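Chains as they are written, first to last, in our numbering: chain G, 328 to 672; chain X, 328 to 672.
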């Protein structure tokens with residue numbers, strides 16, 4: 328048995344009544360093996376649960392998996408860009424591919440690849456335990472919950488980002504500031520909202536629970552929550568939108584309500600995706616270095632593959648505020664004017 | 328020698344003075360080989376130019392390359408989404424990774440992978456010849472030039488898309504319609520502009536060369552060309568922007584000039600990326616089924632890998648017009664009003 332608990336190729340060769348060289352040829356898809364022999368050897372390999380260790384390509388580059396959530400957001404593209412800039416060969420798997428009865432953890436760990444980079448919207452306890460217990464090294468990007476040192480991870484300073492976004496709005500003179508987070512339990516969203524609370528409290532302002540909303544990190548969530556916010560008796564004059572996609576939903580909902588951004592409503596995003604610059608108006612947003620997070624995680628995985636030890640504490644890369652054109656001081660009429668416009672629209 | 332003109336593993340084993348089983352262990356990164364032996368065998372494998380044929384993963388899925396242009400556009404993400412929905416394992420390579428002295432064709436063909444899906448901004452004649460002459464099957468997605476039957480390809484009905492976009496603007500009453508294409512020689516861009524010309528000519532309208540502009544398919548190109556168009560003595564009342572990213576640049580340039588979309592300027596995109604729906608206003612655009620193009624190309628590559636023959640003529644998937652909120656009839660004042668607003672801004 329090998330280190331992976333697999334049959335040796337010698338044992339398979341003996342059982343099939345062929346040479347080791349023949350088994351090797353079958354594994355390498357060589358043509359100089361008869362169809363019958365090929366089928367017999369493949370059957371035995373399958374029966375013994377043989378997993379070929381396809382760890383490196385022809386140029387000695389490690390072959391690893393990158394597990395991404397649904398490929399429906401530029402967020403995934405930014406991370407991919409960073410990962411592919413590393414000296415790893417990366418097979419992309421999306422959770423939306425419909426894994427069927429096999430869990431994605433089993434798929435990734437059973438693929439015979441050297442390691443895995445994991446970006447998933449919710450890492451469950453069983454998934455975390457499965458990854459942590461596997462021999463295949465894994466690094467988690469933008470973790471959704473505390474990893475308690477069981478897996479190395481790379482994230483961003485989300486709390487500091489939330490703090491900077493909210494302070495920017497406070498400095499412009501806003502006092503009725505709403506925040507739309509991501510799904511309730513997601514770590515990065517909770518940290519951003521913590522930063523929002525800390526910014527308000529440091530100025531002696533109370534947090535109004537009506538202005539703190541969960542979202543989905545997508546356009547739809549930003550749109551729906553903004554419609555609800557604008558129906559409040561005392562609507563906000565600014566929204567910290569939690570993600571750029573959500574910020575685009577806020578801008579869209581404002582437009583539907585007849586409000587101008589930033590004149591009537593200031594909006595701050597989070598991520599600094601390319602689309603933040605393309606938006607009209609270009610979005611003020613908190614930049615998290617997604618591509619750099621991807622590259623850093625890939626370098627950490629490479630180090631693990633080369634036998635280095637890594638500290639298991641989370642790595643956090645710095646966020647920074649990018650001020651563009653979606654934020655401005657509240658208009659003279661302030662909240663009242665927003666309310667009046669909403670009432671008219 | 329094997330079919331690939333490579334050394335047999337037996338010859339490498341003999342030269343290294345070890346058994347074939349030991350060579351096999353080295354190739355599989357097994358730990359039960361001494362460091363010295365491992366290094367000697369690896370050196371010999373390298374010296375003989377050995378390319379392991381890493382064609383399938385542990386589950387029998389083919390391992391192929393996907394060559395994408397710079398990963399800076401949601402366009403690439405859409406294609407990737409379609410490709411990963413196929414039963415292929417896909418290693419993503421980006422042309423922006425800095426291939427160095429080795430061309431990307433050599434990298435892809437020398438990786439030992441089973442096949443390649445290729446999306447590149449410009450496929451040069453030498454690259455096309457190199458791919459067509461290789462044993463590794465390749466399928467081109469959204470080809471940038473005619474492939475003359477040397478490689479199978481999947482594209483979209485770009486001419487029909489350009490026709491539909493321009494007819495939509497004509498039907499709204501526009502007569503001064505500009506078009507911004509992609510880089511001058513790119514096939515899909517030329518086809519879209521052909522459709523634009525055909526639509527105008529079928530209504531007996533002459534094509535004004537001032538209104539036909541090359542772009543770069545990015546925000547910057549749309550922005551710069553729109554600024555130039557708005558400086559014309561007789562500016563357009565509508566722009567067919569050639570791509571969604573370029574359309575966002577047109578919208579941004581209009582905003583900078585104090586023009587409202589669609590009231591003062593109608594804008595039609597091309598692609599129907601998710602960002603087209605998130606934009607304010609949501610973009611009227613020509614949908615090309617990028618994900619479906621990716622999936623179709625993957626299925627064609629799979630067929631080639633399984634030994635099927637494919638027709639070498641280009642496959643074209645249908646485009647369709649999505650009417651949203653960035654197009655409207657020209658305002659009463661028409662061109663004159665646009666000119667007046669531009670003069671004021």
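A virtual CB, placed ideally from N, CA and C, is assigned to each residue, including glycine. Computed from a prediction, not measured in an experiment: that's the story for all the values here.
Chain-ordered, the chain X residues with CB closer than 9 Å to the CB of residue 337 of chain G read 348. Excluding sequence positions up to five before and after residue 565 of chain X, its CB lies within less than 6 Å of the CB of 496, 501, 504 and 593, all in the same chain and listed in chain order. Around the beta-carbon of residue 397 of chain G, fewer than 16 other beta-carbon atoms lie within 10 Å, marking it exposed. Distance from the CA atom of residue 418 of chain X to the CA atom of residue 419 of chain G, rounded to whole angstroms, is 7 Å. The stretch 588-666 of chain G is shown to contain whole alpha helix (DSSP H) runs of 4 or more residues at 601-605 and 617-632, in chain order. At a cut-off of 8 Å, the C-beta of residue 375 of chain G has no neighbouring C-beta in chain X. For residue 463 of chain X, the nearest beta carbon of chain G is not closer than 8 Å to its own beta carbon. Residues are counted here when their Cβ sits less than 9 Å from a Cβ of chain G; for the stretch 431-450 of chain X these are 434, 437, 438, 439, 440 and 441, given in chain order. Here DSSP, grouped into helix, strand and coil, assigns residue 474 of chain G to coil. Of all residues in the stretch 577-600 of chain G, the ones placed with a Cβ closer than 7 Å to any Cβ belonging to chain X are 578, 579 and 582, in chain order.
The beta carbon of residue 363 of chain G is closer than 8 Å to none in its chain, skipping five residues each way along the sequence. Proximity of the stretch 574-590 of chain X to the stretch 536-555 of chain X meets the contact definition, three or more beta-carbon pairs being nearer than 8 Å. Under the three-state reduction of DSSP, residue 410 of chain X is assigned to helix. Look at the beta carbons and you see the stretch 601-612 of chain G touching the stretch 596-607 of chain X: at least three pairs across the two are nearer than 8 Å.
Residue 374 of chain G sits exposed, since fewer than 16 C-beta atoms from the chains shown fall within 10 Å of its C-beta. Nearest to residue 590 of chain G by alpha-carbon distance, out of G:556, G:412, G:644 and G:656, is G:656. Not a single CB atom of chain X sits nearer than 8 Å to the CB of residue 633 of chain G.
Residue 570 of chain G does not reach chain X, its nearest Cβ partner there being about 12 Å away, counting only Cβ pairs nearer than 7 Å.
Put simply, the stretch 608-622 of chain G does not touch the stretch 447-463 of chain G. Fewer than three CB pairs are less than 8 Å apart. For residue 535 of chain G, the secondary structure class from DSSP, reduced to helix, strand or coil, is coil. When only Cα atoms are considered, residue 389 of chain X and residue 414 of chain X end up about 8 Å apart. The beta carbons of residue 544 of chain G and residue 489 of chain G sit about 14 Å from each other, so the pair does not count as a contact at 8 Å. Taking all protein chains in view, the Cβ of residue 637 of chain G is surrounded by fewer than 16 other Cβ atoms within 10 Å, so the residue is classified as exposed. The C-alpha of residue 433 of chain G lies about 38 Å from the C-alpha of residue 572 of chain X. It is roughly 38 Å from the alpha-carbon of residue 623 of chain G to the alpha-carbon of residue 347 of chain X. Shown here for residue 654 of chain G: same chain residues with a beta carbon closer than 8 Å to its own, the five before and five after excluded, namely 495, 496, 499, 565, 589, 593, 594, 595 and 611 in chain order. Residue X:472 holds the alpha-carbon nearest to the alpha-carbon of residue 517 of chain X among X:561, X:481 and X:472. With distances taken between CA atoms, residue 512 of chain G lies nearest to G:541 out of G:523, G:535 and G:541. Neighbours of residue 501 of chain G across chain X, judged by C-beta separation under 7 Å, do not exist; the nearest C-beta is about 21 Å away.
Taking C-beta atoms under 8 Å as the contact rule, residue 563 of chain X and residue 538 of chain X qualify, at a distance of about 6 Å. Residue 619 of chain X and residue 392 of chain G have their C-alpha atoms some 23 Å from each other.
In summary, residue 349 of chain G is buried, with 16 or more beta-carbon neighbours lying within 10 Å of its beta-carbon over all protein chains present. Assigned with DSSP and collapsed to three states, residue 577 of chain G falls in helix. Membership of residue 443 of chain X in the beta strand (DSSP E) is indicated by the continuous run 442-445. Look at residue 546 of chain G: its C-beta is under 8 Å from a C-beta on chain X. With a cutoff of 8 Å on beta-carbon distance, residue 445 of chain G and residue 627 of chain G are scored as not near each other.
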